[in-house]
Amino acid sequence: MKKVFELFWSFFKIGAFTLGGGYAMLSMVEKAVVDQKKWIPNDEFWDMIAVVQSLPGVFAVNTALYVGHRVAGTKGAFAAMLGAIIPSITIILLLATVFREFRDNPVVERVFKGIRPCVVALILAPSLRMIKSAKVTWKTAIIPIATVFLIWWCKISPAYVILAAIAGSLIYALIINKKAKKKEAKP
Amino acid sequence: MIYLQLLWVFVKIGVLGFGGGYAMLSLIQHEVVDNYGWMNTTEFADMVAISQMTPGPISINLATYVGYTAGGFGGSLLASFALCLPSVIMVYLIIKLFMSKKNNSLMTNTLKGLKPAIAGLIFAAGLAMMNTQNFVDFGRGQYNISVVICVLAFVASYFFKANPILLIVLSGVVGFFAY
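From first to last, the protein sequence lines are chains A and B.
Everything in the first sequence is counted per this note's numbering, starting at 152 for the first residue and increasing by one.
Everything in the second sequence is counted per this note's numbering, starting at 20 for the first residue and increasing by one.
Have a look at this one:
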């Protein structure tokens, strides 16, 4: 039971103090889980992150669930998950209530008129960085361009676009794996 | 009814949200602004700014905010838990089935292929926010401060990896003096 509470508290602190989302949390989780508490050995932790990272959903929640389960079973999984999300929910609830009161305040309005164009830039920039890191060539550039066109221009639900992209990627992966196997067969 | 809608919307986002909080923006925007009209495009931009500036996972921040706007306190809790529900199921499946090496390489290769599409998805969310509601002085007067803010923030973020929170605060200060 002590471990369950410790899990909750560790993830609560991580949820309350990391800015910038799930990936920013990773080094804090590593510090708490691997270095300080020594719950999980280092190599196992990074193997686990590789799997969790590939799952959809909230990255921080996936990590909390896996670490919690590994350390203290189902109770641990839920304690870690709640610890990770309770600070977020509390802070946003407080802010949302206050913000709706002050939204029409002229000062707040002016400040947010400046912030909105910045938010647009903050969304566009990482998407372009992602294209760079995915090593998109002139040939494969059709994929992000088609995605943007379908969602932004044709107003097709992003849900369908993702499903189509998953199907396409799976076929691509199957072909690649087959090729790799053939190479193994005749050295 | 609103609770059922919130539950359905955020479970769906939890299942299809590959690639973290930003990748969910397009999905959330489509449902919240276009489909159900719980928010307009400026409220959406404000929510993204607030979620970025506050600690914790961005997608949980977004879900709580949307849930609160659409369905009050109960809605906020429901939306956040709905978003986590697919994660709970999937992580348990992964633990029980224990991924084999073969499945692992298939999964990483699938994700490699998915990445360019996710980048497009995020880009589309940004494009959809480029309108005169979010760029208030666009086409009015000769200065177009909002366009300048956007371009400078983009350069700072893309080329210099500037801290997003710092950029939001600076833009707020510029907005305060400019408007």
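From the three backbone atoms N, C-alpha and C, an ideal C-beta is built for every residue, glycine too.
Which residues in the same chain have their Cβ closer than 7 Å to the Cβ of A/Pro309, if we skip the five residues on either side of it in sequence? Start at 1 with the first residue of the first sequence, and residue 309 of chain A comes out as number 158. Counting only Cβ-Cβ distances below 7 Å, and skipping sequence neighbours, we find Ile302.
Buried versus exposed call for A/Trp190 [16 or more other C-beta atoms within 10 Å across all chains shown]: Position 39 of the first sequence, counting from 1, holds the residue named residue 190 of chain A. A/Trp190 comes out buried.
For the structure I just gave you, are there three or more beta carbon pairs, one from the segment 53-68 of chain B and one from the segment 213-229 of chain A, closer than 8 Å? Fewer than three beta-carbon pairs drawn from the segment 53-68 of chain B and the segment 213-229 of chain A are found closer than 8 Å, and the two stretches are therefore not classed as touching.
When the Cα atoms are used, what is the spatial distance from A/Thr214 to B/Ser176? To locate residue 214 of chain A, count along the first sequence from 1; it is residue 63. To locate residue 176 of chain B, count along the second sequence from 1; it is residue 157. Their Cα atoms are separated by approximately 27 Å.
So, does the CB of B/Met58 fall closer than 8 Å to a CB anywhere in chain A? Taking the second sequence and counting its residues from 1, one reaches residue 58 of chain B at position 39. Judged by the 8 Å Cβ criterion, B/Met58 is not in contact with chain A.
Give me the residue from A/Leu273, A/Ile282 and A/Lys330 with the minimum Cα distance to B/Met149. As a working mapping, residue 149 of chain B is identified with position 130 in the second sequence. Selected option, being the one with the closest Cα: A/Leu273.
Take B/Ile79 and list the residues in its own chain whose beta-carbon comes closer than 6 Å to its own, dropping the five residues that flank it on each side. Within the second sequence, the letter at position 60 stands for residue 79 of chain B. The residues are Ser99.
So, does the CB of A/Asn256 fall closer than 8 Å to a CB anywhere in chain B? Start at 1 with the first residue of the first sequence, and residue 256 of chain A comes out as number 105. Judged by the 8 Å Cβ criterion, A/Asn256 is not in contact with chain B.
If you measure from the beta carbon of B/Phe20 to each beta carbon in chain A, is any gap under 8 Å? Numbered from its first residue, the second sequence carries residue 20 of chain B at position 1. Going by the sequence as given, residue 20 of chain B is Met instead of Phe. For B/Met20, the closest Cβ of chain A is not nearer than 8 Å.
Within 10 Å of its beta-carbon, does B/Thr129 have 16 or more other beta-carbons around it, so buried, or fewer, so exposed? By one-based count along the second sequence, residue 129 of chain B stands at place 110. That one is buried.
Using a Cβ-Cβ cutoff of less than 6 Å, which residues in the same chain neighbour B/Gly40 once the five nearest sequence positions on both sides are dropped? Working through the second sequence from its first residue, we reach residue 40 of chain B at position 21. So the qualifying residues of the chain are Ile77 and Ser78.
Going along the segment 71-89 of chain B in order, which residues come within less than 8 Å of chain A, judged by CB to CB distance? Cβ contacts with chain A: Gln71, Met72, Thr73, Pro74, Gly75, Pro76, Ile77, Ser78, Ile79, Asn80, Thr83, Tyr84, Tyr87 and Thr88.
With a threshold of 8 Å between beta carbons, is B/Leu185 in contact with chain A? Your numbering for residue 185 of chain B matches position 166 in the second sequence. So no, B/Leu185 is outside the interface.
Under a three-way DSSP split, which group does B/Pro76 fall into? Residue 76 of chain B sits at position 57 when you count from the first residue of the second sequence. B/Pro76 falls in the coil class under three-state DSSP.
Measuring CB to CB, does B/Phe29 end up less than 8 Å from B/Ala101? Along the second sequence, one-based indexing puts residue 29 of chain B at 10. Along the second sequence, one-based indexing puts residue 101 of chain B at 82. Taking 8 Å as the Cβ cut-off, B/Phe29 and B/Ala101 qualify as a contacting pair.
Can you give the Cα-Cα distance for B/Ala178 and B/Ala68, rounded to whole angstroms? Start at 1 with the first residue of the second sequence, and residue 178 of chain B comes out as number 159. Start at 1 with the first residue of the second sequence, and residue 68 of chain B comes out as number 49. Note that residue 178 of chain B is Phe in the sequence shown, not Ala. C-alpha separation (whole angstroms): 21 Å.
Is it the case that the Cβ atoms of A/Val287 and A/Pro277 are separated by a distance below 8 Å? Numbered from 1 along the first sequence, position 136 holds the residue referred to as residue 287 of chain A. Numbered from 1 along the first sequence, position 126 holds the residue referred to as residue 277 of chain A. Going by C-beta atoms, A/Val287 is not nearer than 8 Å to A/Pro277.
Hey, which unbroken runs of the alpha helix (DSSP H) at 4 residues or more fall wholly within the segment 258-310 of chain A? 293-299
If we ignore side chains and look at the alpha-carbon of each, how far apart do B/Leu44 and A/Val209 end up? The count along the second sequence starts at 1 and reaches residue 44 of chain B at position 25. The count along the first sequence starts at 1 and reaches residue 209 of chain A at position 58. Straight-line measurement puts the Cα of A/Val209 at about 13 Å from the Cα of B/Leu44.
With 16 other CB atoms within 10 Å as the buried threshold, where does B/Asp65 fall? Along the second sequence, one-based indexing puts residue 65 of chain B at 46. That one is buried.
My assumption, with CB atoms under 8 Å, is that B/Ile113 sits in contact with A/Val202. Please give the rounded CB distance. By one-based count along the second sequence, residue 113 of chain B stands at place 94. By one-based count along the first sequence, residue 202 of chain A stands at place 51. With a Cβ gap of about 6 Å, B/Ile113 and A/Val202 count as contacting.
Please report the straight-line C-alpha distance between B/Lys180 and B/Ile187, rounded to a whole angstrom. Here residue 180 of chain B is taken as the residue at index 161 of the second sequence, counted from 1. Here residue 187 of chain B is taken as the residue at index 168 of the second sequence, counted from 1. Spanning the two alpha carbons is a distance of roughly 14 Å.
Can the beta-carbon of B/Gly194 be found closer than 8 Å to that of B/Leu104? Here residue 194 of chain B refers to the residue found at position 175 of the second sequence. Here residue 104 of chain B refers to the residue found at position 85 of the second sequence. Contact flag unset, no.
Under three-state DSSP, which class holds B/Trp57? Taking the first residue of the second sequence as position 1, residue 57 of chain B is located at position 38. Looking at B/Trp57 - three-state DSSP - the assignment turns out to be coil, as it is neither helix nor strand.
Could you check the C-alpha separation between A/Val155 and A/Ala183 for me, to the nearest Å? By one-based count along the first sequence, residue 155 of chain A stands at place 4. By one-based count along the first sequence, residue 183 of chain A stands at place 32. About 14 Å.
Just verifying my parser: in three-state terms, what is the DSSP assignment at A/Trp197? Start at 1 with the first residue of the first sequence, and residue 197 of chain A comes out as number 46. Helix.
Whose C-alpha, out of B/Lys131, B/Val174 and B/Ser106, is nearest the C-alpha of A/Ala318? In the first sequence, counting from the first residue as 1, residue 318 of chain A sits at position 167. Nearest of B/Lys131, B/Val174 and B/Ser106 to A/Ala318, Cα basis: B/Lys131.
Could you tell me the boundaries of the alpha helix (DSSP H) in which A/Arg251 lies? Position 100 of the first sequence, counted from the first residue, corresponds to residue 251 of chain A. Here the alpha helix (DSSP H) through A/Arg251 covers Phe210 to Phe253.
Assigned exposure category for A/Ser178 - 16 Cβ within 10 Å defines buried: On the first sequence, position 27 is the one that residue 178 of chain A refers to. With fewer than 16 Cβ atoms within 10 Å of its Cβ, A/Ser178 is classed as exposed.
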